[in-house]
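Enquirer: Provided herewith is a single structure, encoded as structure tokens, for subsequent inquiry.
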Amino acid sequence: MKTNILPAIRLTAVCVLFFGVFYTLAVWSVAQVVPGKGKGHTRIYNGKVQYMNVGQDFSEDRYFWSRPSATDYNAAGSGGSNHGPSNPAHLKEVEDRITHFLDHNPEVKRADLPAELVTASGSGLDPHLSVAAAQIQVKRIAKVRQVSEENLLKLIEKHTQKPLLGFLGPEYIHALELNYELDMLESI
Amino acid sequence: MPTEILGILCTYLLVLAAAIPLGRYIGKVFSYEPTRLDVLFNPLDRLFFKLSGIDPRLPMSWKEHLQALLTINLVWFTVSLFVLTNMEWLPLNPDGNPSMSADLAFNTAVSFVTNTNLQHYSGESGLSYFGQLTLMVWQFVSAATGMAICSVVFLAFSPNTTTRLGNFYSLLVRSATRILFPLAFLGAVVLLLNGVPMTFEGKAAATTLEGAVQEISRGPAAAFVPIKQLGTNGGGYYGTNSAHPLENPNYLTNMLETAFIFLIPIAMVFAFGYVIRRKKLAWMIYGVMTLGFLLLVIPSVLNELKGNPVISTLGIDQRLGSFEGKEIRVGAASSAYWAINTTVTSNGSVNAMHDSMTPLTGMFAMVGMMVNCFYGGVGVGFLNFFVFIILGVFMGGLMVGRTPEFLGRKVEAREVKIAMCIALVHPLLILGGTALASHLYVTDPVEYAGWLNNPGFHGFSEMLYEFTSASANNGSGFEGLGDNTPFWNIACGLVMLLARFLPIIGPVAIAGLLISKKYIPESAGTLKTDTATFGLLVFAVIVLVAALSFFPALTLGPLAEYFSLYY
């Protein structure tokens, strides 16, 4: 122990310098030359900065709704519901969301409602929608915005990100991009 | 859905393809053979040891290795305690996050020094950037500790072994700078290009399209995330770990982060084969580990894709699988795959909430941690497997009436006793801890009402999972558990300490004792260890010793929940 304590302290200090300071600064330097400079990918929509990788709450009828969030899209404190599969409270919560969705989308059949649209995401900040979850909302949005369902379906298709390299992983839709384009569609 | 399965398959195959050459490289690093990166790292090594006043050529016996390891770990623990309880006034705290309470700081310090990364706090609000970066340093060096001590066992069985087995500090620095650092840096660049934050600015305020105000936590995440994955650490930068879209923004980063979980654990097996010049033995070990891994991962992926039967009774469409606690860009299949990957390797990062997974997936995740050597943590996973090899050699030797020996050394009572004790520490800590917690909860359910987020069998699973994760040095959780209380902080802290250092001391002692014995060349009477038959025997030992001791506890939790849901 005695023979080891001084070398251990000094080696720890060197490790802190190398991994804590040098490595961090090296990564930070690379960040200065990548898009967004390490502050997050952003885009300006309607003059406001939007953080593209962070999900937003969309619950108005004129937008494609985003997924439920256990933390109300709190990007300063992410979280899931952590409800177990057998939890009666979980069941009730999902049932309430189904009722709410069907109230606002009377044309939709219960059996067609995708589960991902009524279950909370892991982070509470899921920026994406599945294709089915977007399509199921077309009738509602078409009515509210007075646009044709066909145009909306085309918009969805345009914004569907194919699996990585065409064959790896799921396909998904960026809810914010889709909704922004939806606003643009109307202003044309 | 087929593309989701292809994504998993490709990830696995790419990792295997990379692990074989990486294993060779790691083997060279450990046996001090020249590599192409020496131009960079030899001068760096010299700088490290000049500044720390260490002679890296001074060889150590196995006892000296352990003394060095324990001392430097104590230093890391002390520094962590200081930083975590003083973050309030230390620099790099733009969000003004508070210091930790004493019990939480104890738990967190132990957690990161022992390579567990169990987190009873949430990164966004529980740590300053200074705290995050301090823990990141431990993510490098605690992983390197496991690799260094594992390499001591490798060197013990190398063809030209002596009782002096290299220098601990030298092996530690080599592991951290030559293996972890370059990979982590490459990973960080990829993450940066995909939008993972790397800034020292505080929260950003933004207005959503619907007009709500959203505060967005940022920080030096891109540096933190790759080493969290590579070193089987697993402690997330953000509270929800790699489920968070800033920590894991798309499927490409998800593949990379998944790959980083089990790349080094597999490579370590091939490194062993390289150092001791027995490739076939390495493939036997890889085969047994892979068999165990597949048995856990396949049913888990299928279960998550099938969805939650309770949600099915509500009559909605579960085509994509069970989605509570999961992210769209990851998908159900890759979430289940990650869940098993992270638990068999003692990593513990998550990209979906394990608490919300279907009962059997939750159980397989627990089994992965209970066995803790199907690939296992960097370095320590191999040491756990080594314990089972010793037990396998002993049982196999007795069954066929041959002298139990491993790589030319007789395995006798003393080694087997150590191996058996180490194999039993794990169930003792898990079952003892869970029993204690259950007892407390049952005697005073009002006082401890805040513990469990879920009623019934699942609530029991939350407690069982927590102790399993602590004892496996895993760090994932059924996060519904209200675990930031003195009981959980202290109990899990103690479990992590014992479960980290005993399974390091045991195998190193066994190796040290074995090589002090006379070398007996292989003969017709030797029980061959590099055959499929012996592999199956080791597998059987693992099932008997590890899995079965936990079966009664599993029936009370996930199995009971499964039957209540499906039948």
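Protein sequences, first through last, are from chains A and B.
Count the first sequence with full-length UniProt numbering and you get residues 1 to 188, in order.
Count the second sequence with full-length UniProt numbering and you get residues 1 to 567, in order.
Backbone N, C-alpha and C fix where the C-beta goes; we use that ideal spot for every residue, glycine too.
Locate the beta strand (DSSP E) running through Y562/B, then write down its first and last residues.
Expert: No beta strand (DSSP E) contains Y562/B, which is instead part of the alpha helix (DSSP H) from A560 to Y566.
Enquirer: For A19/B, I'd like the list of residues in its chain whose CB is within less than 7 Å of its CB, leaving aside the five on either flank, ordered along the chain.
Expert: Correct list, in chain order: L263, I266, A267 and F270.
Enquirer: Let me know the secondary structure DSSP gives D103/A once reduced to three states.
Expert: Three-state result, D103/A: helix.
Enquirer: Taking the alpha carbon of T12/A as the reference point, which residue from L74/B, Q67/B and N42/B has its own alpha carbon closest?
Expert: That would be L74/B, whose Cα lies nearest to the Cα of T12/A.
Enquirer: With a threshold of 8 Å on Cβ separation, who are the neighbours of R164/B within its own chain once the five nearest residues in sequence on each side are excluded?
Expert: Counting only Cβ-Cβ distances below 8 Å, and skipping sequence neighbours, we find P59, M60 and S61.
Enquirer: Quick one: using the 10 Å Cβ neighbour count with 16 as the cut-off for buried, is P170/A buried or exposed?
Expert: With 16 or more Cβ atoms within 10 Å of its Cβ, P170/A is classed as buried.
Enquirer: Might you give, ordered along the chain, the residues of its own chain that have their beta carbon closer than 7 Å to the beta carbon of Y73/A, omitting 5 neighbours on each side?
Expert: Correct list, in chain order: G55, Q56, D57, G124 and L125.
Enquirer: Excluding the 5 residues flanking G77/A on each side, which residues of the same chain have their C-beta closer than 8 Å to its C-beta?
Expert: The answer, listed in chain order, is T71.
Enquirer: Taking any Cβ of chain B, which residues in the region 83–110 of chain A have a Cβ under 9 Å from it, in chain order?
Expert: Listed by position, the residues of the region 83–110 of chain A near chain B (Cβ gap below 9 Å) are H83, G84, P85, S86, N87, P88, A89, H90, L91, V94, E95, I98 and R110.
Enquirer: What's the gap between the Cα of T162/B and the Cα of A332/B?
Expert: Taking the straight line joining both Cα atoms gives about 50 Å.
Enquirer: In three-state DSSP terms, what is L164/A?
Expert: Here L164/A sits in strand by DSSP.
Enquirer: Does A553/B get closer than 8 Å to chain A when you measure Cβ to Cβ?
Expert: Not one chain A Cβ lies under 8 Å of A553/B.
Enquirer: Hey, would you say P404/B sits closer than 8 Å to V387/B, going by beta carbons?
Expert: In this structure, V387/B does not lie closer than 8 Å to P404/B by Cβ.
Enquirer: Name the DSSP bridge partner or partners of I216/B?
Expert: Its beta-bridge partners are A204/B.
Enquirer: May I ask you to verify whether the region 431–441 of chain B touches the region 292–309 of chain B, counting CB pairs closer than 8 Å and requiring at least 3?
Expert: In short, these stretches do not touch, since the Cβ pair count stays below three.
Enquirer: How about the region 87–95 of chain A and the region 288–297 of chain B: do they share at least three Cβ pairs that are nearer than 8 Å?
Expert: Taking 8 Å as the limit for Cβ pairs, the verdict is that the region 288–297 of chain B does not touch the region 87–95 of chain A.
Enquirer: From the DSSP output, read off the bridge partner residues of V49/A.
Expert: Paired residue(s): I44/A.
Enquirer: Return helix, strand or coil for R409/B, following the three-state DSSP convention.
Expert: Three-state DSSP puts R409/B in a strand.
Enquirer: On the DSSP bridge assignment, give the partners of I136/A in chain order.
Expert: Paired residues: none, contrary to the question.
Enquirer: Could you name each continuous alpha helix (DSSP H) segment of 4 residues or more that falls completely within the region 282–324 of chain B, going from the start of the chain to the end?
Expert: For the region 282–324 of chain B, whole alpha helix (DSSP H) runs of length 4 or above, ordered along the chain, are 309–313.
Enquirer: For I26/B, which of V545/B, E561/B and R178/B has the nearest alpha-carbon?
Expert: Nearest option by C-alpha distance: R178/B.
Enquirer: Per DSSP, what kind of secondary structure is H83/A in: helix, strand or coil?
Expert: Coil at H83/A, not helix or strand.
Enquirer: Could you give the DSSP three-state label for H128/A: helix, strand or coil?
Expert: Three-state result, H128/A: strand.
Enquirer: Tell me the rounded alpha-carbon separation between R140/A and A132/A.
Expert: About 14 Å.
Enquirer: Going by the beta-carbon positions, is the gap between S69/A and S121/A smaller than 8 Å?
Expert: Yes, the pair counts as a contact, with Cβ atoms nearer than the cut-off.
Enquirer: For H90/A, name the three-state secondary structure that DSSP assigns.
Expert: H90/A: helix per DSSP, three-state reduction.
Enquirer: Among the candidates L209/B, T199/B and F157/B, whose CA atom is the shortest distance from the CA of I520/B?
Expert: It is F157/B.
Enquirer: Check whether the Cβ of S151/B lies closer than 8 Å to any Cβ atom in chain A.
Expert: Cβ-Cβ to chain A under 8 Å: no for S151/B.
Enquirer: Taking DSSP as the reference, what is the three-state secondary structure of Y238/B?
Expert: Three-state result, Y238/B: coil.
Enquirer: Take Q119/B and list the residues in its own chain whose beta-carbon comes closer than 6 Å to its own, dropping the five residues that flank it on each side.
Expert: Excluding residues within five positions, the ones whose Cβ falls inside 6 Å are G235.
Enquirer: Could you tell me whether the Cβ atoms of Q50/A and L185/A are closer together than 8 Å?
Expert: Not a contact, by the Cβ cut-off of 8 Å.
Enquirer: Suppose only complete runs of 3+ residues qualify. What are the beta strand (DSSP E) ranges in the region 330–405 of chain B, listed by chain order?
Expert: None, since the region 330–405 of chain B contains no complete beta strand (DSSP E) of that length.
Enquirer: Could you tell me whether the Cβ atoms of L182/A and F64/A are closer together than 8 Å?
Expert: Contact flag set, yes.
Enquirer: Measure the beta-carbon distance from G377/B to N473/B and round it to whole angstroms, keeping in mind my assumption that it falls under 8 Å.
Expert: With a Cβ gap of about 6 Å, G377/B and N473/B count as contacting.
Enquirer: Counting Cβ pairs closer than 8 Å, one from the region 316–327 of chain B and one from the region 414–425 of chain B, do we hit at least three?
Expert: No: fewer than three Cβ pairs fall under 8 Å.
Enquirer: Buried or exposed, going by whether 16 or more other CB atoms sit within 10 Å of the CB of I5/A?
Expert: Exposed, by the Cβ-count rule.
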